[in-house]
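All residue numbers for the sequence shown refer to my numbering, where the first residue is 1139 and numbers rise by one.
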Amino acid sequence: KKGINNNPMSLERLSSEDRARNWELLRSALPAYQPQEGSPANTLTDAEKEAVLSVLTELNLGPREVERVEKLLRPAVSNHPDMVDILDPATWQPNAQDDSSEDTELITNTAPSIVANKSLLPCPGDHMDAPPAWHGAPSIPSNGLITQSFRQQVRHGLFTGPTNSQCPGFLQCNLVVLPEGPHAFDFLLFCQRNKKACPLIEVCDVGSPHPHGVARGADLRTDVPKYAIYRNGKLEKEVPDVTDFWPERSIAFLIGCSFTCDGALQQAGIRLRSAEQNKNVPMYKTNLDCRPAGSLRGKMVVSMKPIKALDVAKEVEVTSQFPQAHGGPVCVGNPGAIGIADLDSPDWGEAVEVKSDEVPVFHACGVTPQSVL
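See the structure below:
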């Protein structure tokens, strides 16, 4: 019988079909295909491994497939005895490459630029010093295809609204697309210098609308509910599909979005009024300077959530565990401290009420590129 032997660092030969099936099985079984905070990239803790095994029966797998996954889940990281490396193909498939593949935004100077609303992307993050469990990780869906299914709905025009609270547990991203050239390089540098506002998740190949590091199978021209086309810094139109506007020599940037935290916040008992009212979050220009990069300079844009005063500490704790999605807030209370004069008049999104027992909590926002490009 072909398979993986008891030594996790050695390998028996598998057919190409077996390798492909195992790889896809692992991708589907992982909770949100999101590396756990406090773990080396692409690892699970023992508790998370047990969670994966507990739902294998829901995936309609036969005994042999379950046995194969159990073998793949055996510890493979000697330096981390309490971790299990199940996504590193080198431990079971030689020479394999990780092909794992929002509000989005496409911005150009002389060519059209497109700004879209959130995309959903399972993301392979970097190692970060944080608590070992991912705060509020959701249950694994039985079909393992929640984001693919959602993107299909968007692609066919069945979902056209804001994506806050959609597909909880998955990374959501903003998309910025620019023509190849100096402005694209300046924007890359801008993201590196302003990680709080523009946490860069991936940069696509020139001209390609298909990410490779995250969201395999996504088409960035069609899989976002709404795109804003900018020309010479001015909003030209909003459309549900940008296939006809995609620059031939384009570069697409994916930037983490705070909607990523919604599922964890809700599981922690924090209510999100914008999501409950089916509204986009309110977003505001601030007086907070971004670090300039080449021709790009400007102020940070923030989003706002009304949070009960007694829940603010919990909100900070949860969101701080998602640095790839803006992390913790930049301001709590007193909007005037960051140059916001009227919470009822957001620059983007829709206003929501802040009740007497609540505090406005402001997070850096991926709409910042619209204020600097």
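Quick reminder that beta carbons are idealized off the backbone N, C-alpha and C, glycines included.
Since we're looking at a predicted model, the values are computed, not measured.
Anyone know if the C-beta pair for residue i and residue j falls short of 8 Å?
i, j, result
"R1387", "P1461", "no"
"V1490", "Q1415", "yes"
"P1347", "T1298", "no"
"L1392", "V1352", "yes"
"G1504", "G1401", "no"
"L1434", "I1476", "no"
"Y1422", "D1485", "yes"
"V1450", "V1468", "no"
"V1341", "G1436", "no"
"C1311", "T1285", "no"
"D1495", "A1447", "yes"
With a 10 Å radius around its C-beta and 16 neighbouring C-beta atoms as the bar for buried, classify residue i as buried or exposed.
i, result
"K1493", "exposed"
"Q1330", "exposed"
"T1398", "buried"
"T1457", "buried"
"N1370", "exposed"
"L1296", "exposed"
"N1418", "buried"
"D1264", "Note that D1264 scores a pLDDT of 33, beneath 50, so its modelled location is shaky and nothing firm can be said."
Along the chain, where does the beta strand (DSSP E) that runs through residue i open and close?
i, result
"V1310", "In the sequence under discussion, the amino acid at residue 1310 is Gln, which differs from the Val named in the question. Element bounds for Q1310: 1309-1317."
"T1506", "Counting along the chain, T1506 falls outside any beta strand (DSSP E), though it belongs to the alpha helix (DSSP H) covering 1506-1510."
"A1502", "1496-1502"
"L1392", "1388-1394"
"L1296", "Run containing L1296: none; DSSP gives neither H nor E here."
"L1426", "1421-1427"
"S1441", "1437-1446"
"A1366", "1365-1369"
"L1338", "1338-1341"
Please list the terminal residues of the continuous alpha helix (DSSP H) segment that includes residue i.
i, result
"K1375", "Looking at the DSSP string, K1375 is not in any alpha helix (DSSP H); the run it does join, the beta strand (DSSP E), is 1372-1377."
"G1401", "1400-1405"
"S1287", "1284-1293"
"F1323", "1320-1331"
"E1453", "1450-1457"
"E1414", "1411-1414"
How many whole angstroms separate the CB atoms of residue i and residue j, which I take to be in contact at a CB cut-off of 8 Å?
i, j, result
"T1424", "M1438", "5 Å"
"P1420", "E1488", "6 Å"
"E1453", "L1403", "7 Å"
"R1289", "A1390", "With a Cβ gap of about 15 Å, R1289 and A1390 do not count as contacting."
"G1115", "I1339", "The question about residue 1115 has no answer, for the chain in this structure spans 1139 to 1511."
"D1343", "V1292", "That belief does not hold up - the Cβ atoms of D1343 and V1292 are roughly 22 Å apart, past 8 Å."
"E1374", "Y1365", "Not really, about 11 Å apart at Cβ, beyond 8 Å."
"A1335", "T1506", "4 Å"
"H1501", "S1396", "5 Å"
**Request:** Determine, using beta-carbon pairs with one atom in the region 1462-1476 and one in the region 1354-1373, whether at least three such pairs fall under 8 Å.
**Result:** Contact between the region 1462-1476 and the region 1354-1373 is absent: fewer than three C-beta pairs spanning the two stretches fall below 8 Å.
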